[in-house]
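In my numbering, the protein residues as written are 20 to 500.
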């Protein structure tokens, strides 16, 4: 089906100058300048060792801040917000851990490339490195969209992005290659111009001290040692300035790359099964209210004629124009399920289910969850609070088995999460009161009491455990029939 919306979006290769200008927007520029100053502070360490540790540690902190903002740039651009001033004012907590996932996305494949080179030789290592380099942009896009490191490391997810973009993906890789090469060139030029002279001077001082020592020239040796002692205090301002400049350049180019990747997702959103919020000609305007009756009739007519793609297009446009309209969102979700658009169904459901839960539509949220489970048995919600709310909705809907299915694996997916005590208590209550599996319920409650002895739920858990204990004792003492 020819996209009626993606065709309105200018190709990414026509916007290259704008990508380079993107980090110069005030909201982006101040972040680059401030974040780049963080590692520069490490240049004022009191000793060479402290200097190295401080610069390394502060650099890591600065890049965590920058990558968090870069992830938001990629996400916001992918939904059509092309200027930082258009970004949502609400914080996106789902991106909080994205910097660490991005680092892992680069470190883990690099480890396997090194392993391949060690086991199979340098040629195979070079081929593996080339493959990783080509796949990484798609993996990064898939990971930021899904918020999942597992998705980023999944070759199938990367292939979906690459095939969805098509041949222009090769052009994207070329642009990113030259972008990286340009960054490296500038960094090396700055290092050669500013850092190399400092390094040469340090070597000269060490050599002078060694020669004076060998010649037993105390005057020359003391002069050399005095120069060594004064070297680091003297170069600190220069070193801080160079570190700040190099880091700022690297961050500038990084934001260019994130902006470009987000725009590629935006341009090919329909092929990739993604939802966008802003399209050309729509910016700055209030969402248009859908004409639900007319749209329902058109959709029904298309379905009756077997034209599912056309029905999907109408439903897509309706829910896009009114993202808070639950009826339109649910209708589109059902059509995605009917049409077998599994990837789009999963992505859409991750937004629909929380929307329904916020609006106390637990039954509809459960139905959307079930549609996803039919197509992807390992489907899980991304937010711990949403999992707990959905399980509570299932219990309220008298579906205790489904509630336990929703809770299954929570402790592995959200290790050490603050909601774990609530999950253990809910699971124990369902097992005891609804499913009558007292022994298993007691294990849930015991885990809660042992792991979180100060939690408010412990008192209730102890009472429930006491009831279970008395019931089991009465059952054991009752005469056999």
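Backbone N, C-alpha and C define an ideal beta-carbon position, used for all residues, glycine too.
All values derive from a computational prediction rather than experimental measurement.
(1) What distance in whole Å lies between the Cβ atoms of residue 352 and residue 364, which are believed to be in contact at a cut-off of 8 Å?
(2) Could you please give the first and the last residue of the uninterrupted alpha helix (DSSP H) stretch that includes residue 411?
(3) Using only CA atoms, which one of 126, 451 and 167 lies nearest to residue 489?
(4) From this set, 430, 449 and 440, which residue's C-alpha is nearest residue 417's C-alpha?
(5) My understanding is that residue 385 touches residue 409, with C-beta atoms under 8 Å, so please give their C-beta distance in whole angstroms.
(6) If you compare alpha carbons, which of 341, 207, 316 and 340 is closest to residue 330?
(7) By Cβ distance, which residues of its chain are closer than 8 Å to residue 124, with the 5 residues on each side in sequence left out?
(8) Spell out a yes or no on whether the region 256-267 and the region 180-190 are touching, meaning 3 or more CB-CB pairs, one atom from each, closer than 8 Å.
(9) Spatial neighbours of residue 268 within its chain, please: C-beta separation below 8 Å, excluding the five flanking residues on both sides.
(10) Are the CB atoms of residue 240 and residue 232 within a distance shorter than 7 Å?
(11) Can you give, in chain order, each stretch of the beta strand (DSSP E) that sits fully within the region 113-147 and has at least 3 residues?
(12) Rounded to the nearest angstrom, what separates residue 227 and residue 215 at their Cα positions?
(13) Just mark residue 230 as buried or exposed, buried being the case when its beta carbon has 16 or more other beta carbons within 10 Å.
(14) Please classify residue 378 as buried or exposed, where buried requires at least 16 other C-beta atoms within 10 Å of its C-beta.
(15) Rounded to the nearest angstrom, what separates residue 127 and residue 367 at their Cα positions?
(16) In this structure, how does DSSP classify residue 345 when only helix, strand and coil are distinguished?
(17) By Cβ distance below 7 Å, which residues in the same chain neighbour residue 280 in space, the five residues on each side in sequence not counted?
(18) Taking residue 346 as the reference, which of 325, 390, 358 and 380 has the closest Cα?
(19) Buried or exposed: residue 303, going by 16 or more other Cβ atoms within 10 Å of its Cβ?
(20) Taking 7 Å as the cut-off, decide whether the C-beta atoms of residue 90 and residue 114 are in contact.
(21) Helix, strand or coil for residue 427, going by three-state DSSP, please let me know.
(22) With a 10 Å radius around its C-beta and 16 neighbouring C-beta atoms as the bar for buried, classify residue 338 as buried or exposed.
(23) May I ask you to report which of helix, strand or coil DSSP gives residue 220?
(24) Mapping DSSP to helix, strand and coil, what is residue 201?
(25) Leaving aside the five residues before and after residue 293 along the sequence, list all residues of the same chain whose C-beta is less than 7 Å from its C-beta, in chain order.
(26) Around the Cβ of residue 482, are there at least 16 other Cβ atoms within 10 angstroms (buried) or fewer (exposed)?
(27) Taking the alpha helix (DSSP H) that residue 382 belongs to, which residues open and close that run?
(28) Could you check how far apart the C-beta atoms of residue 118 and residue 80 are, in whole angstroms? I think they sit under 8 Å.
(29) Counting C-beta neighbours from all protein chains within 10 Å, is the total for residue 271 16 or more, i.e. buried, or is it exposed?
(30) So, are the CB atoms of residue 403 and residue 436 less than 7 Å apart?
(31) Between which two residues does the alpha helix (DSSP H) containing residue 335 stretch?
The structure says:
(1) 7 Å
(2) 403-415
(3) 451
(4) 449
(5) 7 Å
(6) 316
(7) 155, 158, 159, 162, 168, 171 and 172
(8) no
(9) 202, 205, 206 and 209
(10) yes
(11) none
(12) 18 Å
(13) exposed
(14) exposed
(15) 29 Å
(16) helix
(17) 93, 156, 159 and 160
(18) 380
(19) Low per-residue confidence applies at residue 303: pLDDT is 44, beneath 50, and the placement is therefore not dependable enough to give any value.
(20) yes
(21) coil
(22) buried
(23) helix
(24) helix
(25) 97, 164, 284 and 366
(26) exposed
(27) 381-394
(28) Actually they are not in contact, since the Cβ atoms of residue 118 and residue 80 sit about 10 Å apart, beyond 8 Å.
(29) buried
(30) yes
(31) 327-340
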